[in-house]
Amino acid sequence: MNTKQKKVVTEIMFHSPWRRYFFPRYLYNFTPAQLCFLCRCIEDTKHIIGAISEVGCSIGSTTVFLNKHLDAQNIQKEYFALDSFSGFLDEDISFEVAKRGKTRGQFSAFQINKKKWFDETMRMNGITRVRSIEADVNQFDLTTLGPLCFSLLDVDLYRPMKKALHELYEVLSPGGIIVVDDCTTVNNTCDGSDQAYKEFMKEKNLPAQIIHGKLGLIRKLG
Ligand SMILES: C[S@@+](CC[C@H](N)C(=O)[O-])C[C@H]1O[C@@H](n2cnc3c(N)ncnc32)[C@H](O)[C@@H]1O
Numbered sequence: 001m002n003t004k005q006k007k008v009v010t011e012i013m014f015h016s017p018w019r020r021y022f023f024p025r026y027l028y029n030f031t032p033a034q035l036c037f038l039c040r041c042i043e044d045t046k047h048i049i050g051a052i053s054e055v056g057c058s059i060g061s062t063t064v065f066l067n068k069h070l071d072a073q074n075i076q077k078e079y080f081a082l083d084s085f086s087g088f089l090d091e092d093i094s095f096e097v098a099k100r101g102k103t104r105g106q107f108s109a110f111q112i113n114k115k116k117w118f119d120e121t122m123r124m125n126g127i128t129r130v131r132s133i134e135a136d137v138n139q140f141d142l143t144t145l146g147p148l149c150f151s152l153l154d155v156d157l158y159r160p161m162k163k164a165l166h167e168l169y170e171v172l173s174p175g176g177i178i179v180v181d182d183c184t185t186v187n188n189t190c191d192g193s194d195q196a197y198k199e200f201m202k203e204k205n206l207p208a209q210i211i212h213g214k215l216g217l218i219r220k221l222g
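Those letters in the sequence shown? Residues 1 to 222, per my numbering, in order.
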């Protein structure tokens with residue numbers, strides 16, 4: 001390709017729908033330090049009995065990242081990825097509005113998604129260990145995923161977070177870790193996570209520990 005042709009192709013690419021391939025964007029809901037911490041949790045629990053779960057997996061960005069780490073570390077674990085695959089549930093939103101002073105308009109995110117898109121993302125990335133589950137956390141018995149060595153809990157709102165915390169902790173193996181996302185009051189939409197985490201830790205008489213700005217940590221003693 002000569003210089004003139006290269007200039008034309010570059011111009012076309014810049015204005016084309018394919019421009020995203022040439023201008024990569026950061027697609028994660030976690031900072032690099034937070035992702036590194038999640039990887040460390042996976043390594044620290046690799047000898048603990050049980051599977052990994054991500055409750056609230058959305059389109060699978062973090063699922064891909066963590067599974068690539070599992071591959072690189074040659075860690076053989078089952079990985080459950082659960083989501084409604086249609087965003088927040090009506091009853092959870094109603095609770096936030098009625099009891100936590102929110103407005104319905106705050107909860108429109110994550111609706112454009114499908115389990116089959118998530119599965120295709122796993123396939124395109126060569127990931128075979130992930131079992132996706134389409135369910136409402138409020139209806140699904142999370143103890144059926146146990147035993148678990150590590151769980152990332154990321155469903156944002158108070159009601160499903162509180163229910164999930166109890167069930168995940170019940171089946172967490174001794175030495176296992178749960179990381180609870182959005183344990184911060186800075187994000188007004190998701191501060192139900194923060195409330196659920198702090199209440200749970202108090203009920204269990206465990207010390208609350210929030211690191212990297214928003215990750216609530218739960219360790220079950222071995
Ligand atoms: C912040 S996103 C998860 C992000 C994902 N962990 C990541 O790192 O890319 C929150 C997800 O929780 C899901 N969710 C919220 N409430 C839920 C419920 N009651 N049951 C199942 N999924 C729910 C939403 O559909 C959304 O995909």
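All C-beta atoms in this analysis are idealised placements derived from N, C-alpha and C, irrespective of residue type, glycine included.
Keep in mind that this is a model prediction, so the values were computed, not measured.
| field | Per DSSP, the bridge partner or partners of valine 130 | value | Tyr79
| From which residue to which residue does the beta strand (DSSP E) around arginine 219 run? | 215–219
| said: Using only CA atoms, which one of Met1, Ala98 and Tyr79 lies nearest to valine 226? | reply: There is simply no residue 226 to check, as the chain begins at 1 and stops at 222 in what is shown.
| task | Return yes when the C-beta of glutamine 60 is under 8 Å from any heavy atom of ligand 1, and no when it is not. | result | Sequence check: residue 60 is glycine here, not glutamine. Yes; taking the cut-off as 8 Å, the Cβ of glycine 60 has a heavy atom of ligand 1 nearer than that.
| message | Can you tell me which residues form a DSSP beta bridge with asparagine 152? | response | Correcting the residue type first, residue 152 is leucine in the shown sequence and not asparagine. For leucine 152, which the question treats as bridged, DSSP gives the partners Glu54 and Val179.
| Below-9 Å beta-carbon distance, glutamine 5 vs any chain C residue | Looking for chain C here will not work: only one protein chain is present.
| query | Taking Cβ to Cβ, would you say leucine 27 is nearer than 9 Å to leucine 152? | reply | no
| said: So, with DSSP's three-state summary, where would you put leucine 89? | reply: coil
| Reduced DSSP secondary structure (H/G/I, E/B, other) of serine 108 | coil
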